[in-house]
């Protein structure tokens, strides 16, 4: 399922959770923002998305990525 399709389904269901900023992901993972920027550049870590000039994360993708690391 594409990200856009999932977003539409969540929005229709009223269950949409706001996108996380890099600061929020940093706090959630307990990592410096610099590490997240480096991971993003290397193609590692939770999937990120550009929204204009900003980097954002779907919370469920961050949580899924953490679970997959276990």
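In this note's numbering, the protein residues as written are 2 to 71.
For every residue, glycine included, the Cβ atom is placed at its ideal position computed from N, Cα and C.
Worksheet item: Which residue's Cα is closest to the Cα of residue 56: 45, 43, 33, 38?
Response: 38
Worksheet entry | For residue 64, the first and last residue of its enclosing alpha helix (DSSP H) | 60–70
Worksheet item: Ordered along the chain, which non-local residues of its own chain (more than five positions away) have a Cβ less than 7 Å from that of residue 23?
Response: Excluding its 5 nearest sequence neighbours in each direction, residue 23 has C-beta neighbours in its own chain below 7 Å: 34, 37, 56, listed in chain order.
Worksheet item: Buried or exposed: which applies to residue 52, given that a residue is buried once 16 or more other Cβ atoms fall within 10 Å of its Cβ?
Response: Under this definition residue 52 is an exposed residue.
Worksheet item: Is it right to say residue 58 is buried, meaning 16 or more other beta carbons lie within 10 angstroms of its own, or is it exposed?
Response: buried
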